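Chains as they are written, first to last, in our numbering: chain A, 743 to 995; chain B, 743 to 995.
Yeah, the Cβ is synthetic: ideal placement off N, Cα and C, and Gly gets one too.
All values reported here derive from a predicted model rather than from experimental measurement.
Report on one structure; see the data block that follows.
There are 2 protein chains.
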Amino acid sequence: MKFTSETSSNGVIERTFILDEITGVLWSPATGSGGGPLLLSGHSGGMHKKAPGLVAGALHSVTADGFTVAAIDAPGHGDRPRNQQDQRWVDAIHRARSTGEPLAPIVVEHNMSVAERAVPEWQATLDALQALPEIGADAQIGYGGMTLGVATGLLLAAADPRIAALSIGAVFVNDALLEVARQITVPVEYRIPWDDEEIDRASGFALFDAFASTEKSLHAHPGRYFEAPEHERDSSARFFARHLGRTAGAASD
Amino acid sequence: MKFTSETSSNGVIERTFILDEITGVLWSPATGSGGGPLLLSGHSGGMHKKAPGLVAGALHSVTADGFTVAAIDAPGHGDRPRNQQDQRWVDAIHRARSTGEPLAPIVVEHNMSVAERAVPEWQATLDALQALPEIGADAQIGYGGMTLGVATGLLLAAADPRIAALSIGAVFVNDALLEVARQITVPVEYRIPWDDEEIDRASGFALFDAFASTEKSLHAHPGRYFEAPEHERDSSARFFARHLGRTAGAASD
Chain A
743 MKFTSETSSN GVIERTFILD EITGVLWSPA TGSGGGPLLL SGHSGGMHKK APGLVAGALH
803 SVTADGFTVA AIDAPGHGDR PRNQQDQRWV DAIHRARSTG EPLAPIVVEH NMSVAERAVP
863 EWQATLDALQ ALPEIGADAQ IGYGGMTLGV ATGLLLAAAD PRIAALSIGA VFVNDALLEV
923 ARQITVPVEY RIPWDDEEID RASGFALFDA FASTEKSLHA HPGRYFEAPE HERDSSARFF
983 ARHLGRTAGA ASD
Chain B
743 MKFTSETSSN GVIERTFILD EITGVLWSPA TGSGGGPLLL SGHSGGMHKK APGLVAGALH
803 SVTADGFTVA AIDAPGHGDR PRNQQDQRWV DAIHRARSTG EPLAPIVVEH NMSVAERAVP
863 EWQATLDALQ ALPEIGADAQ IGYGGMTLGV ATGLLLAAAD PRIAALSIGA VFVNDALLEV
923 ARQITVPVEY RIPWDDEEID RASGFALFDA FASTEKSLHA HPGRYFEAPE HERDSSARFF
983 ARHLGRTAGA ASD
């Protein structure tokens, strides 16, 4: 892992990094000796490691809760080249949007393929992050994400016992993702849209049902999947604080 | 309104009161000059103003958030005599439980009847509470409740514009309650059980759909309706703090 830039603003240090082909970013508190939880943040399909909503959430987690947050570009996203297969999926999604065909079957297949490739990359990133003295091997680790980032997080949590809690948004669901969810036993907070023509309620209910976790909460909000209310960010922070052994607001003590 | 007892413990003053036939209790912070939000707390069917869960929530709201909390016994509950009509409903509910007949139709009819009688009682209580100097006419007012307490709260909020926010648990739903919900426009946080054979998911979804509020959240938790996780109390406190103009945790500032 090689850090390629470092800036500091409003109490947050932002460092971009490269690890093999992986391009990533790490946000950490400017003060404090480390030891806080580490959150992995998975961006939506078509977005990247510095998507506006992701950055806003990360800065909130660092400044309000003293967490450290990492994000990486998914394969074919952000600073990374898109391969021919991904390009065909992207073209098919654009075609479906313009003709009004159902998006879900194409998006979910694409997401699952990208997510499968992203899992070993997150694991390599996690190995490298845990080798940093300010994070360490004992860091408590949570994962948050939206759409593609949810598919990635579920595959990652099913594969890697280091993921101790999942706070996720809406995702296109298929049988393969339900099968993955049945392997997940860590606490889950799952937000779904109540009125979204692309991501329907029933698929959200099915995914919530599938989680084997004894601690799981479903939060539904009016509107579409990208319209989760601001206070859900606070709920997510408190969820991670509860499960990753740090009180929300600890950074300001 | 006549106060009939006053005790103080762990920073909370508890005063019981009588207003005509209404028996109630008021919990307020031992320190501070008042002016914080007022929460009205509606107990479940068969319970009373000092039901254990209600008291625990009230003490948390007073000590952690600086709120004042009031609860009254519903007609035929707690310290209040049960009339013959209510007795017939209670007998019918016991019979249905022992024979395995569906409870919902009986419970919801009973709840609606009790709730209709409780609304003017809550309004009279609110008038009297707002006449207290430590509460006042400008107090921001929220309502929380479970089962019978939900039916009461929805009828009250539809009838009285002083109710500015509703944080509610599970409730048996019928068409009359859905009609009431369609008149409600204040923010609502609504918790439903995911696996309850008596209060089914579909009725919960229908009630959530019915609220005319632009700000509404549905929270689902595994298990039965009385098994809402502890952290939902915290969520409820933050919900009220957001909507009643006071930051959660302000009491400790």
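Rounded C-alpha distance that separates Ser747 of chain B from Phe759 of chain B:
The residue given as residue 747 of chain B occupies position 5 in the second sequence. The residue given as residue 759 of chain B occupies position 17 in the second sequence. For Ser747 of chain B and Phe759 of chain B, the distance between alpha carbons rounds to 7 Å.
Please classify Gly965 of chain A as buried or exposed, where buried requires at least 16 neighbouring CB atoms within 10 angstroms.
Mapped onto the first sequence, residue 965 of chain A falls at position 223. Answer is exposed; the Cβ neighbour count stays below 16.
Keeping to the same chain, check which residues put their C-beta closer than 7 Å to that of Arg904 of chain A; ignore five residues upstream and five downstream.
Numbered from its first residue, the first sequence carries residue 904 of chain A at position 162. If we look at Arg904 of chain A and ignore the five residues flanking it on each side, its Cβ neighbours are Leu868, Ile883.
Going by DSSP, what residue range makes up the beta strand (DSSP E) through His963 of chain A?
Counting from one through the first sequence, the residue named residue 963 of chain A turns up at place 221. Where His963 of chain A is concerned, the enclosing beta strand (DSSP E) stretches over 958-963.
As assigned by DSSP and simplified to three states, the class of Glu969 of chain B
On the second sequence, position 227 is the one that residue 969 of chain B refers to. Helix at Glu969 of chain B.
Near Ala879 of chain A, what residues of its chain come up, given a Cβ to Cβ distance below 6 Å and the 5 sequence neighbours on each side ignored?
Residue mapping note: residue 879 of chain A aligns to position 137 of the first sequence, counting from 1. So the qualifying residues of the chain are Gln872.
Using 8 Å as the threshold, is the stretch 825-843 of chain B in touch with the stretch 796-805 of chain B, meaning 3 or more CB pairs across them?
no
How far does the beta strand (DSSP E) with Phe947 of chain B in it reach, from first residue to last?
For this step, residue 947 of chain B is matched to residue 205 along the second sequence. Premise fails: Phe947 of chain B lies in the alpha helix (DSSP H), 943-952, not in any beta strand (DSSP E).
Look up Ala990 of chain B in the DSSP assignment and say whether it is helix, strand or coil.
The sequence position of residue 990 of chain B within the second sequence is 248, counting from 1. Because Ala990 of chain B carries a pLDDT of 41, less than 50, the predicted location of this residue cannot be relied on, and the following value inherits that uncertainty. Coil, per DSSP.
Return the Cβ separation of Ala962 of chain B and Ile934 of chain B in integer angstroms, given the expectation that the two are a contact with Cβ distance under 8 Å.
Locating residue 962 of chain B in the second sequence gives position 220, counting from the first residue. Locating residue 934 of chain B in the second sequence gives position 192, counting from the first residue. Right, the Cβ-Cβ distance comes to about 5 Å (below 8 Å), so this counts as a contact.
Run through chain A and tell me which residues come within less than 9 Å of Asp815 of chain B, C-beta to C-beta.
Counted from its first residue, the second sequence places residue 815 of chain B at position 73. By Cβ distance, chain A contributes nothing, its closest Cβ being about 32 Å from Asp815 of chain B, past 9 Å.
So His852 of chain B contacts chain A; which residues on that side make the cut at Cβ distance below 9 Å?
Here residue 852 of chain B refers to the residue found at position 110 of the second sequence. Those do not exist, as His852 of chain B stays about 29 Å from chain A at its closest Cβ, beyond 9 Å.
Would you call the CB atoms of Ala813 of chain B and Leu780 of chain B closer than 9 Å?
Taking the second sequence and counting its residues from 1, the one referred to as residue 813 of chain B is at position 71. Taking the second sequence and counting its residues from 1, the one referred to as residue 780 of chain B is at position 38. Going by C-beta atoms, Ala813 of chain B is not nearer than 9 Å to Leu780 of chain B.
Cβ shell of His790 of chain A (< 6 Å), same chain only, five flanking positions each side left out
The residue labelled residue 790 of chain A in the question sits at position 48 within the first sequence. Answer for His790 of chain A: Asp815, His819, Gly820, listed in chain order.
At a Cβ threshold of 9 Å, is Pro958 of chain B touching chain A?
Position 216 of the second sequence, counted from the first residue, corresponds to residue 958 of chain B. Reading off the sequence, residue 958 of chain B comes out as Lys, not Pro. Taking Cβ atoms only, chain A reaches closer than 9 Å to Lys958 of chain B, which makes this a yes.
Shorter than 9 Å from the beta carbon of Ser977 of chain A to some beta carbon of chain B?
One-based indexing of the first sequence puts residue 977 of chain A at position 235. Yes - at least one Cβ of chain B is within 9 Å of the one on Ser977 of chain A.
What does DSSP give as the partner residue(s) for Trp769 of chain B in the beta ladder?
Translated into positions along the second sequence, residue 769 of chain B becomes position 27. Bridge partners of Trp769 of chain B: B:Glu756, B:Val811.
Residues of its chain near Ala900 of chain B, where Cβ-Cβ distance is below 7 Å and the 5 sequence neighbours each way are ignored
As a first step, residue 900 of chain B is located in the second sequence; it is residue number 158 there, counting from the start. Cβ within range, chain order: Val922, Gln925, Ile926.
Residues of the stretch 917-938 of chain A whose Cβ lies closer than 8 Å to any Cβ of chain B, in chain order
Trp936
Are there 16 or more other CB atoms within 10 angstroms of the CB of Phe968 of chain B, so buried, or fewer, so exposed?
Looking up residue 968 of chain B in the second sequence gives position 226. Phe968 of chain B should be labelled exposed.
Pick out whichever of B:Leu898, B:Glu972, B:Ala893 has its Cα sitting closest to the Cα of Leu949 of chain B.
Here residue 949 of chain B is taken as the residue at index 207 of the second sequence, counted from 1. Residue B:Ala893 is the option with its Cα nearest to Leu949 of chain B.
What is the residue span of the alpha helix (DSSP H) that Ser955 of chain B lies within?
In the second sequence, the residue the question calls residue 955 of chain B occupies position 213. Premise fails: Ser955 of chain B is in no alpha helix (DSSP H) and is neither H nor E.
In this structure, does DSSP put Ser909 of chain B in helix, strand or coil?
The count along the second sequence starts at 1 and reaches residue 909 of chain B at position 167. In this structure, Ser909 of chain B counts as strand in the three-state DSSP scheme.
In terms of residue numbering, what span does the alpha helix (DSSP H) encompassing Ser855 of chain A cover?
Here residue 855 of chain A is taken as the residue at index 113 of the first sequence, counted from 1. Run containing Ser855 of chain A: 846-872, per the alpha helix (DSSP H) assignment.
With a threshold of 9 Å between beta-carbons, can Asp951 of chain A be considered close to chain B, or not?
Along the first sequence, one-based indexing puts residue 951 of chain A at 209. Yes, Asp951 of chain A lies at the interface with chain B (some Cβ there is under 9 Å from its Cβ).
What in chain A is Cβ-close to Pro903 of chain B, meaning under 8 Å?
Residue numbering aside, residue 903 of chain B sits at position 161 when the second sequence is read from its first letter. Within 8 Å Cβ-Cβ: nothing; Pro903 of chain B doesn't reach chain A, min ~22 Å.
Reducing DSSP to helix, strand and coil, say where Ser803 of chain A ends up.
One-based indexing of the first sequence puts residue 803 of chain A at position 61. Helix, per DSSP.
At a CB-CB cut-off below 7 Å, which residues of chain A make contact with Pro794 of chain B?
Residue mapping note: residue 794 of chain B aligns to position 52 of the second sequence, counting from 1. Near Pro794 of chain B there are no residues of chain A at all, since even the closest Cβ is about 23 Å away, more than 7 Å.
Along the chain, where does the alpha helix (DSSP H) that runs through Glu921 of chain B open and close?
Here residue 921 of chain B is taken as the residue at index 179 of the second sequence, counted from 1. Here the alpha helix (DSSP H) through Glu921 of chain B covers 917-923.
What does the alpha-carbon distance come out to for the pair Gly774 of chain B and Val804 of chain B?
Locating residue 774 of chain B in the second sequence gives position 32, where the first residue counts as 1. Locating residue 804 of chain B in the second sequence gives position 62, where the first residue counts as 1. So the two alpha carbons sit approximately 11 Å from each other.
How big is the Cα-Cα spacing for Val930 of chain A and Ala870 of chain B?
Numbered from its first residue, the first sequence carries residue 930 of chain A at position 188. Numbered from its first residue, the second sequence carries residue 870 of chain B at position 128. Near 44 Å, if we compare the C-alpha coordinates of Ala870 of chain B and Val930 of chain A.
Kindly indicate which residue of B:Pro817, B:Leu897, B:Gly787 has the alpha-carbon position closest to the one of Ala846 of chain B.
Here residue 846 of chain B corresponds to residue number 104 of the second sequence, with the count starting at 1. If we check each option's Cα against that of Ala846 of chain B, B:Gly787 comes out closest.
Beta carbon of Ile764 of chain B, beta carbon of Glu863 of chain B: below 9 Å?
Here residue 764 of chain B refers to the residue found at position 22 of the second sequence. Here residue 863 of chain B refers to the residue found at position 121 of the second sequence. Against a cut-off of 9 Å, the Cβ pair of Glu863 of chain B and Ile764 of chain B comes out as a contact.
Of all the options A:Met854, A:His785, A:Asn825, A:Phe809, which has the alpha carbon lying nearest to the alpha carbon of Asn916 of chain A?
Here residue 916 of chain A refers to the residue found at position 174 of the first sequence. Closest option to Asn916 of chain A, Cα to Cα, is A:Met854.
Limits of the unbroken beta strand (DSSP E) element including Arg933 of chain B:
Taking the first residue of the second sequence as 1, we reach residue 933 of chain B at position 191. Note, Arg933 of chain B: beta strand (DSSP E), 930-935.
Is Glu748 of chain A helix, strand or coil when you go by DSSP?
Your numbering for residue 748 of chain A matches position 6 in the first sequence. Strand at Glu748 of chain A.
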